[in-house]
Structures are given as C-alpha cells and as structure tokens.
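Some notes on the structure that comes next.
Residue numbers (this note's numbering): 1 to 217.
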C-alpha cells in the first residue's frame, strides 16, 4: 500500500469512527425525561399524572377485618413522573401456591395511555397476570376494572372472571383499598367483594423496609 493510499485509508477510518461518536454525544445531551409534571398532552381526558400520587409511598398493608399484616408495598414514581411502579411482598401464605417454598411477590406498572385512561399491568411470581383500566371518580377514588379473564386451572376447571379495584385516600394519610370479582361461568354472577385492606405508612427506619429473603422461614 502506498503512503498516500495508506493515509487516505487511515483518515477514512478516523472520520467514520468520529461521526457516530459526535451523534451519540449530541443525543446524550437531550433529556430522556418526558414532560409529565402537569397535564397529559397526548390525550384530552382530564386525567393528570398526579391522579394516583396518593398511592406513592412505603406502606404496611393490613386486612381491615382481622387487622393482620398482609404485606409490604413500595410504590414509586417512574419514567420522569409518567408512571407509577409497585413492588409487593406478601407477608403470609394466603396466596402461596400449594407445596411452594415461597410467598407471593408481585409488581405492577401504572400510567395514562393514549386513550386518556389509567392502565395498570400486574405480574407476580405465582403466574398471576392482570390488566385493568380506569380513572378517578367524583369522590377522588381511583377505580380500575379488568376485561373478562378466561383460564383453566391445574385441576382442569374452566374459569371466567372480571375484577374491579378501588383505592380511596383517607384524611389520616392511610388508603382504603378493596376489590370485587365477578364470575362468568357457568353463568354471569353478581359482583362480590374478595379483599378489603388498608395501607398505613411505614415508619422511617423500620426493619420492614430491609431487604429480605422472600422464602418462607
């Protein structure tokens, strides 16, 4: 290779490697945080990114009837305030699979979609999956409802269910959360309540916030 050709070849390599780097540097200066502090600019529904802020926090969750601690729920804002992320740890065996050596843990993401409504997607380590859609009602409660869910359990039995959940902020800083189920097989039934819980803030420094092995003791 001649000296002139070699110099041209080296210049081409340097130029090619510098061009993408310049582009990457320019892109890196742009903000990845969307404008989610106020109104929802992609939908004219009256929904606000702050609608569900009352749920954000670190919570102990109790059964309202028995007073028993059901779980620990950590709720955080995500995606620059556009979404809400949930991390749930169940503290008893109510939802443990038979013969399993672990307790239920789950996570959900909630946010406002292009239809102007709140959407929530739940997934847990027992194979549970739930999609719900809703909004704040006139009383300031967040209300979400699922479509009909059809599945066959491990025993071969068919099920068809619909869910509706309510979150209501209370004056003392706690949250009342309750849910209904409606069965669709063998015929469509009435709404029946299947959980009734209360969120209470966890004290700063509480050992409940420490990470722990989710396996049963």
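Beta carbons are placed, not taken as given, at the ideal position from N, Cα and C, and that holds for glycine.
*Run through DSSP, which three-state label would residue 53 get?*
Against the chain shown, residue 53 aligns to sequence position 53. Residue 53: helix per DSSP, three-state reduction.
*Return helix, strand or coil for residue 149, following the three-state DSSP convention.*
Stepping through the chain shown from its first residue, residue 149 is reached at position 149. Residue 149: strand per DSSP, three-state reduction.
*Over the uninterrupted beta strand (DSSP E) stretch that includes residue 94, give me the two end residues.*
Here the question's residue 94 lines up with position 94 in the chain shown. Unbroken run through residue 94: none, as it is neither H nor E.
*Under the rule that 16 or more other beta-carbon atoms within 10 Å means buried, what is residue 147, buried or exposed?*
Residue 147 sits at position 147 when you count from the first residue of the chain shown. Classification of residue 147: exposed, given that the 10 Å Cβ count is below 16.
*Stretch pair the segment 139–157 + the segment 70–88: three plus CB contacts closer than 8 Å*: no
_residue 117 in three-state terms, based on DSSP_ = Here residue 117 refers to the residue found at position 117 when the chain shown is read from its first residue. DSSP places residue 117 in coil when its eight states are reduced to three.
_Within 7 Å, strictly: CB atoms of residue 83 and residue 109_ = Translated into the one-based positions of the chain shown, residue 83 becomes position 83. Translated into the one-based positions of the chain shown, residue 109 becomes position 109. Yes, Cβ-Cβ distance for residue 83 and residue 109 is below 7 Å.
*Can you say whether residue 167 is buried or exposed, counting buried as having 16 or more other CB atoms within 10 angstroms of its CB?*
Counting from 1 along the chain shown, the entry for residue 167 is found at position 167. Residue 167 should be labelled buried.
*Exposed or buried, which one is residue 40 when buried takes at least 16 other CB atoms within 10 Å?*
The residue you call residue 40 lines up with position 40 of the chain shown. Residue 40 sits buried, since 16 or more C-beta atoms from the chains shown fall within 10 Å of its C-beta.
*residue 157: buried (16+ other C-beta within 10 angstroms of its C-beta) or exposed?*
Here the question's residue 157 lines up with position 157 in the chain shown. The residue in question, residue 157, is exposed, as its Cβ has fewer than 16 Cβ neighbours within 10 Å.
*Would you tell me roughly how many angstroms separate the C-alpha atoms of residue 212 and residue 113, rounded to the nearest one?*
Here the question's residue 212 lines up with position 212 in the chain shown. Here the question's residue 113 lines up with position 113 in the chain shown. Per-residue confidence for residue 212 stands at a pLDDT of 42, beneath the threshold of 50, marking its modelled position as unreliable; the derived number appears in the next sentence. Straight-line Cα distance between these residues: approximately 34 Å.
*If you check the beta carbons only, do residue 190 and residue 174 fall under 7 Å apart?*
Residue 190 sits at position 190 when you count from the first residue of the chain shown. Residue 174 sits at position 174 when you count from the first residue of the chain shown. Contact: no.
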